[in-house]
Amino acid sequence: MLSAIAIAAHPDDIEFCMAGTLLLLKHAGWKIHCLNLSSGNLGSVEFSAAKTRSVRRIEAKRAAKVLGAHWHPPMCDDLEILYEVKTLRRLAAVIREVKPAVVLTHSPQDYMEDHTNTSRLTVTAAFSRGMPNFRTTPPRASIPGDVTVYHAMPHGLRDGLRRLIGPGAFVNTTGVHAIKREALAAHVSQKAWLDESQGMDSYLIAMDEMSKVVGKMSRRFKHAEGWRRHLPLGLSATDRDPLAEVLRKNYRVNAAC
Ligand SMILES: [Zn+2]
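Counting from 24, one number per residue, gives the positions in the sequence shown under this note's numbering.
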């Protein structure tokens, strides 16, 4: 069975911009995995970091269950996702265990460093999968095979310098939007916090709006997720686009990019 893994920074990032694509892969018979590198321990103004960490762990597991995804525990705390070898060894071990054909992660340009560092760590962890002399934690043997890395749209659809980022391809998430929304709603602590500061259901509405904006960019789909495919060098022997192969009519290359 083919596998895909979404690797994001914070609990709820996957549900915001990657979960629709994961769900479509699941419907196509793939095994899907979720990993947020950070515990989300700073995501509260009300509770301690320790309490927030434990609440968000339960919520992230619940969200993965809604998606039907295998859940992997976080490795870092908020603002502490650094491009360093300790995390790289742990992430590389997960890649060797999951053996994904498709890896979904953040944009290399995004609004904050936890996202950009997650993107960099993920690319290197995938890159090192076939290198027997790179030690992973726990130790796992290197694996053969191609992997394709796709980068999600950045938060706000812009880089840190406000430049608009155009997706290389669109995935039609309209048919799975309701499940994606239900998975996002599993992050109850975040919803409650934002409901109070920004109005009822603002959390879910923000996700609706983002997928509608990307859908409009596609000129075809009502709800969509946007992706940019990493260069295959060091990752795949051929320039494959497995999402196009699997998702077919639910996938549209963006001719403008
Ligand atoms: Zn995030």
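For glycine and all other residues, C-beta sits at the position ideal for the given N, C-alpha and C.
Note that the coordinates shown come from a computational prediction; the quantities given were computed from them, not determined experimentally.
With respect to the 8 Å criterion, GLY179 and ALA279 are not classified as neighbours on the basis of their beta carbons. Between ligand 1 and the CB of HIS210, the shortest heavy atom gap is not smaller than 7 Å.
About 16 Å separates the Cβ atoms of SER142 and PRO97, ruling out a contact at the 8 Å cut-off. In this structure, the beta-carbon distance from ALA27 to LEU46 does not fall below 8 Å. In this model, ARG152 and SER220 are separated by some 43 Å (Cα to Cα).
Runs of alpha helix (DSSP H) with 4 or more residues, each lying fully within the region 160-220, are found at 200-208, listed in chain order.
Here CYS280 carries a coil assignment [DSSP, helix/strand/coil]. Residue nearest to ARG252 within the set ALA87, TRP53, LEU111, ALA192 is ALA192 (criterion: CA-CA distance). In the displayed model, ASN59 falls within a strand according to three-state DSSP. Around the beta-carbon of ILE81, fewer than 16 other beta-carbon atoms lie within 10 Å, marking it exposed. In this structure the region 125-135 does not lie against the region 83-99, because fewer than three pairs of beta carbons, one per stretch, are closer than 8 Å.
In the structure shown, LEU127 adopts extended strand secondary structure according to DSSP, grouped into three states. Non-local C-beta neighbours of TYR274 in its own chain, meaning closer than 8 Å and more than five positions away in sequence, comprise ALA192, PHE193, VAL194, ASN195, LEU266, ALA267, ordered along the chain. Relative to the Cα of ARG263, the nearest Cα in the group VAL170, VAL117, SER77 belongs to VAL170. The three-state reading of DSSP puts ALA29 in strand, counting E and B together. Assignment of beta-bridge partners to TYR274 by DSSP yields VAL194. Along the region 87-150, the alpha helix (DSSP H) occurs as fully enclosed runs of 4 or more residues at 108-121, 136-150, listed in sequence order.
In this structure, ALA192 has its CB at a distance of at least 7 Å from all heavy atoms of ligand 1. When DSSP states are grouped into helix, strand and coil, ALA51 belongs to the coil group. Taking 8 Å as the upper bound for CB-CB distance, LYS122 and THR197 are not in contact here, some 30 Å apart. Contact between the region 106-124 and the region 68-83 is absent: fewer than three C-beta pairs spanning the two stretches fall below 8 Å.
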